[in-house]
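So the sequences go chain by chain: E and G.
Residue numbers for the first sequence follow the UniProt record's numbering, beginning at 1 and rising by one.
Residue numbers for the second sequence follow the UniProt record's numbering, beginning at 1 and rising by one.
Virtual Cβ for every residue (Gly too), placed ideally from N, Cα, C.
The model shown is predicted, which means the values in this text are computed figures rather than measured ones.
Notes follow once the structure below has been shown.
2 protein chains.
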Amino acid sequence: MTQLTDAKSGIVTEEMKFVADEEKIDVNYLRKLIEKGYVVIPKNINRKTKPVGIGDNLRTKVNVNLGTSPDFIDISCELKKVEISNKYGADAIMDLSTGGNLPEIRSQIMKNTNLPIGTVPIYEVGVDSKEKYGRVIDMDEDLIFNVIERQAQEGVDFMTLHCGITKQSVDTLNKDPRKMGVVSRGGAFLTAYIMYHNKENPLYRDFDYLLEILKEHDVTLSLGDGMRPGCLQDNTDRAQIQELITLGELVDRCREKGVQVMVEGPGHVPYNNIQANMQIQKTICKNAPFYVLGPIVTDLAPGYDHITAAIGGTLAAVSGANFLCYVTPAEHVRLMKEEEVKEGLIASKIAAQAADVAKGNPVAWNKERQMADARIKHDWERQFEIALDSDKPKKMREEIPSKDEKACSVCGDYCALLMVEELGKR
Amino acid sequence: MTQLTDAKSGIVTEEMKFVADEEKIDVNYLRKLIEKGYVVIPKNINRKTKPVGIGDNLRTKVNVNLGTSPDFIDISCELKKVEISNKYGADAIMDLSTGGNLPEIRSQIMKNTNLPIGTVPIYEVGVDSKEKYGRVIDMDEDLIFNVIERQAQEGVDFMTLHCGITKQSVDTLNKDPRKMGVVSRGGAFLTAYIMYHNKENPLYRDFDYLLEILKEHDVTLSLGDGMRPGCLQDNTDRAQIQELITLGELVDRCREKGVQVMVEGPGHVPYNNIQANMQIQKTICKNAPFYVLGPIVTDLAPGYDHITAAIGGTLAAVSGANFLCYVTPAEHVRLMKEEEVKEGLIASKIAAQAADVAKGNPVAWNKERQMADARIKHDWERQFEIALDSDKPKKMREEIPSKDEKACSVCGDYCALLMVEELGKR
């Protein structure tokens with residue numbers, strides 16, 4: 001049974017109760033949202049994790065990507081990234097490792113967090129194929145499903161699978177080529193496979209078989225957007241929307257079979273096109289939870305893409321996105337280090353909070369009220385306690401203290417708050 | 001003569017030519033925008049600076065705040081901040097010093113940049129009053145105008161003056177008190193003055209005299225928003241809008257007298273109210289250039305307010321703001337250090353670029369195209385050259401290099417771009 005099949009049968013699960021309590025909403029209302037497919041709780045039956053709800057009418061959630069690459073393999077470093085994710089309030093972690101012993105790395109990561117874990121199984125397939133045959137493109141179709149099944153048994157909670165990269169979407173792309181081509185790694189594996197072998201994507205062709213595997217372990221399917229744009233100019237083109245239509249059709253099939261499903265979205269999108277992207281996803285995919293990478297609103301800021309993504313992510317979340325994949329300052333430059341995981345996570349949490357405030361979420365507003373209360377009282381310790389990151393501002397304040405312990409070193413004696421407060425005492 | 005009186009007389013100045021060239025727009029069109037008051041070029045006749053246009057149909061501009069405080073006085077540190085502003089593309093600098101020898105600091109700053117310089121003269125008035133009488137509140141009315149005149153003679157290009165803090169707006173505030181009261185420093189000086197002495201704000205009462213001084217040196221008046229909200233809950237309340245109406249009336253008087261004018265705006269604003277704030281400013285102030293501080297979209301991120309401001313700033317600029325005052329990571333914590341000036345400036349430049357892209361600005365789009373071209377060619381040096389910050393990503397990339405010089409250490413052998421490129425070569 002999955003959360004979705006339970007919801008359809010009118011069963012309120014322990015996971016639903018937990019999520020309803022976290023979100024301060026009625027559990028029967030939540031059950032209905034899950035039944036309709038508007039909300040998912042990615043939780044593999046083989047692993048004990050904190051249930052996290054993703055979808056409309058819930059708070060915006062944030063995912064941390066981490067993992068090794070062929071150029072940098074250090075498990076202890078990845079585990080530090082996990083620790084940071086736990087500490088600073090990530091809602092999920094994706095292990096995107098492509099270097100070293102992948103099952104071992106994944107197992108270590110899962111042991112060190114109770115957050116839902118996501119993967120992109122085609123990476124492991126590609127890495128195995130490269131080892132076995134020397135080329136990713138020679139990947140074995142059986143291997144694809146074997147890897148997915150093994151990861152499902154291990155307890156992976158959600159999987160990105162690029163089922164919408166099909167002969168049709170590749171054809172649409174080739175008829176109207178774009179500047180950057182395919183920039184999704186998994187998408188590129190499958191595009192290359194389709195073009196080289198002139199075969200259909202096995203994940204699309206054998207979609208029903210895929211659903212059987214996922215259903216058995218209640219793995220949430222995250223339909224990957226392999227055709228996402230890789231630069232602003234390529235945004236919202238025919239290939240992207242062609243793939244989205246296929247993803248919408250697959251959403252229907254998931255829901256029919258009782259498999260929880262969400263949909264992934266762009267990418268590099270000019271600010272003025274973000275709302276349209278969110279709205280079209282919601283109509284075509286019938287309100288499936290939307291999981292976005294960024295979006296990045298300018299390509300001019302390598303080294304600062306946590307900021308370009310926070311700008312796009314806020315508007316995306318206000319316009320319909322439910323799950324933000326963080327972006328770190330290292331995006332487009334190199335593999336991220338631990339401290340950049342923190343920077344990316346905080347930036348994404350800011351976007352989520354700003355969007356939840358904009359949508360009138362009471363939990364989000366309550367925190368804002370607490371911060372204002374602490375500020376008006378000049379209660380600095382309390383401010384740090386409520387802050388998304390307590391450590392950084394506390395340390396900063398100590399670096400240039402004010403002579404007046406109530407004030408800060410921006411204004412010192414000329415603190416506006418203290419001046420007007422003083423006046424009120426007369 | 002001011003740029004505005006010249007524009008009204010049909011005169012195309014050298015400054016207009018320079019700005020039109022920078023913005024790639026027709027100079028007669030620009031002259032008309034200036035004539036209507038939709039665009040200003042803050043340039044004091046007593047100082048040689050780079051002319052910068054601010055207003056509708058031009059690229060979004062970014063201001064850097066810097067300056068000493070009573071708790072931290074180090075001119076060399078401020079001059080490093082000036083150097084950073086020059087290097088990373090600030091469009092203007094405001095010297096907000098309140099500690100040390102203010103005229104000397106200002107003079108040093110002006111010598112070290114050709115960017116337009118702004119000040120908040122009431123700070124110097126407050127500091128002088130405190131020295132002379134022991135209290136800011138005892139400030140001398142003559143001193144106010146003397147300081148303004150002296151700064152105008154020195155060559156200050158634009159001045160923030162809180163002329164809209166009046167008995168009326170203070171009364172509106174007192175009838176419906178807000179959580180954080182007055183958080184604008186200059187606003188607090190004048191609110192305290194009005195309440196303590198029960199006198200009208202001299203800047204409002206003697207507004208015509210003020211305009212005479214400003215006009216003589218072509219100082220652009222930046223009408224300060226002393227009633228801006230200091231937390232999300234206080235946003236867009238009656239006191240703020242009452243002050244805005246007064247500012248709108250003063251805009252008319254500036255334009256009649258030939259004084260260039262822009263209007264300052266909030267502040268702490270929930271994301272969903274930013275657009276309304278921009279639109280109401282544009283109607284009430286008849287399309288005067290709008291200069292916003294942030295806006296900050298959540299109060300939960302001390303240590304990261306360059307990000308909360310970049311999120312709000314992008315939406316503000318898309319919705320009508322023309323000039324973004326940067327916010328640094330030190331905001332709400334302590335005086336900013338040099339490296340934080342850079343972080344704040346880059347974040348604000350990102351917001352400006354993202355907004356200009358959204359508005360279809362051809363200069364902004366051209367840069368995006370250049371970056372995509374460099375990326376598709378794996379031309380890393382060119383990417384760094386085009387980037388808003390060249391140094392940071394270059395250094396980062398060297399830290400974890402890829403074995404493949406075309407790729408980066410995120411994907412290494414599994415680079416999507418290279419994989420699809422390889423396929424195209426067959």
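Looking at the secondary structure, which residues open and close the alpha helix (DSSP H) in which residue i lies?
{"i": "I41 (chain G)", "result": "Element bounds for I41 (chain G): n/a, residue is neither H nor E."}
{"i": "T308 (chain G)", "result": "305-319"}
{"i": "M278 (chain E)", "result": "271-284"}
{"i": "V341 (chain G)", "result": "338-358"}
{"i": "N65 (chain E)", "result": "That residue, N65 (chain E), is in no alpha helix (DSSP H); its beta strand (DSSP E) goes 61-66."}
{"i": "M180 (chain G)", "result": "No alpha helix (DSSP H) contains M180 (chain G), which DSSP labels as neither H nor E."}
Rounded to a whole number of angstroms, what is the C-alpha to C-alpha distance between residue i and residue j?
{"i": "K17 (chain E)", "j": "V27 (chain E)", "result": "6 Å"}
{"i": "K167 (chain E)", "j": "N201 (chain E)", "result": "7 Å"}
{"i": "D419 (chain E)", "j": "A188 (chain G)", "result": "According to the sequence shown, residue 419 (chain E) is Met rather than Asp. Their Cα atoms are separated by approximately 7 Å."}
{"i": "L221 (chain E)", "j": "G186 (chain E)", "result": "15 Å"}
{"i": "L33 (chain G)", "j": "G55 (chain G)", "result": "8 Å"}
{"i": "S348 (chain G)", "j": "D404 (chain G)", "result": "34 Å"}
{"i": "V39 (chain E)", "j": "D176 (chain G)", "result": "41 Å"}
{"i": "E421 (chain E)", "j": "V182 (chain G)", "result": "9 Å"}
{"i": "V333 (chain G)", "j": "Y326 (chain E)", "result": "25 Å"}
Does residue i get closer than 8 Å to chain E when you measure Cβ to Cβ?
{"i": "G267 (chain G)", "result": "no"}
{"i": "E399 (chain G)", "result": "yes"}
{"i": "K425 (chain G)", "result": "no"}
{"i": "M419 (chain G)", "result": "yes"}
{"i": "residue 427 (chain G)", "result": "Outside the shown range of chain G (1 to 426) lies residue 427 (chain G), about which nothing can therefore be said."}
{"i": "P270 (chain G)", "result": "yes"}
{"i": "I148 (chain G)", "result": "no"}
{"i": "V341 (chain G)", "result": "no"}
{"i": "G320 (chain G)", "result": "no"}
{"i": "C285 (chain G)", "result": "no"}
{"i": "L232 (chain G)", "result": "yes"}
{"i": "R185 (chain G)", "result": "yes"}
Measuring CA to CA, which of the options is closest to residue i?
{"i": "F207 (chain E)", "options": "E:L223, E:M195, E:H197, E:Y196", "result": "E:L223"}
{"i": "K81 (chain G)", "options": "G:N63, G:D391, G:Y196", "result": "G:N63"}
{"i": "I245 (chain G)", "options": "G:L315, G:E216, G:T172", "result": "G:T172"}
{"i": "V127 (chain G)", "options": "E:Y414, E:Q275, E:L423", "result": "E:Y414"}
{"i": "E425 (chain E)", "options": "G:M195, G:T236, G:Q153, G:S169", "result": "What sits at residue 425 (chain E) in the sequence shown is Lys, not Glu. It is G:M195 whose Cα lies nearest to the Cα of K425 (chain E)."}
{"i": "K111 (chain G)", "options": "G:E124, G:I122, G:K36, G:D95", "result": "G:D95"}
{"i": "P329 (chain G)", "options": "G:D356, G:N322, G:A316, G:I296", "result": "G:I296"}
{"i": "I105 (chain G)", "options": "G:D157, G:S76, G:K132", "result": "G:S76"}
{"i": "P229 (chain G)", "options": "G:S69, G:N272, G:V263, G:K179", "result": "G:K179"}
{"i": "E339 (chain G)", "options": "G:E83, G:D237, G:G10", "result": "G:E83"}
{"i": "A364 (chain G)", "options": "G:L161, G:T98, G:I386", "result": "G:I386"}
If we cut at 8 Å on Cβ distances, does residue i have a partner in chain G?
{"i": "R369 (chain E)", "result": "yes"}
{"i": "G303 (chain E)", "result": "yes"}
{"i": "A354 (chain E)", "result": "yes"}
{"i": "P70 (chain E)", "result": "yes"}
{"i": "R9 (chain E)", "result": "A small fix is needed here, since residue 9 (chain E) is Ser in this sequence, not Arg. It does not; no Cβ of chain G falls within 8 Å."}
{"i": "P393 (chain E)", "result": "yes"}
{"i": "Q279 (chain E)", "result": "no"}
{"i": "K377 (chain E)", "result": "no"}
{"i": "I346 (chain E)", "result": "yes"}
Where do the ends of the beta strand (DSSP E) carrying residue i lie?
{"i": "C325 (chain G)", "result": "323-325"}
{"i": "Y291 (chain G)", "result": "290-293"}
{"i": "S97 (chain E)", "result": "It is not in any beta strand (DSSP E) - S97 (chain E) carries neither H nor E in the DSSP assignment."}
{"i": "I117 (chain G)", "result": "117-119"}
{"i": "S222 (chain G)", "result": "220-223"}
{"i": "T2 (chain G)", "result": "Taken as a continuous stretch (DSSP letters only), T2 (chain G) belongs to no beta strand (DSSP E), as it is neither H nor E."}
{"i": "F158 (chain E)", "result": "158-161"}
{"i": "V410 (chain E)", "result": "It is not in any beta strand (DSSP E) - V410 (chain E) carries neither H nor E in the DSSP assignment."}
Should residue i be labelled buried (16 or more other beta-carbon atoms within 10 Å of its own) or exposed?
{"i": "D21 (chain E)", "result": "exposed"}
{"i": "H197 (chain G)", "result": "exposed"}
{"i": "T283 (chain E)", "result": "exposed"}
{"i": "K342 (chain E)", "result": "buried"}
{"i": "R135 (chain G)", "result": "exposed"}
{"i": "E381 (chain E)", "result": "exposed"}
Within 7 Å: the Cβ of residue i and any heavy atom of the ligand ZN?
{"i": "D356 (chain G)", "result": "Of the ligands one can find in the structure shown there are none, so the ligand ZN has no counterpart to examine."}
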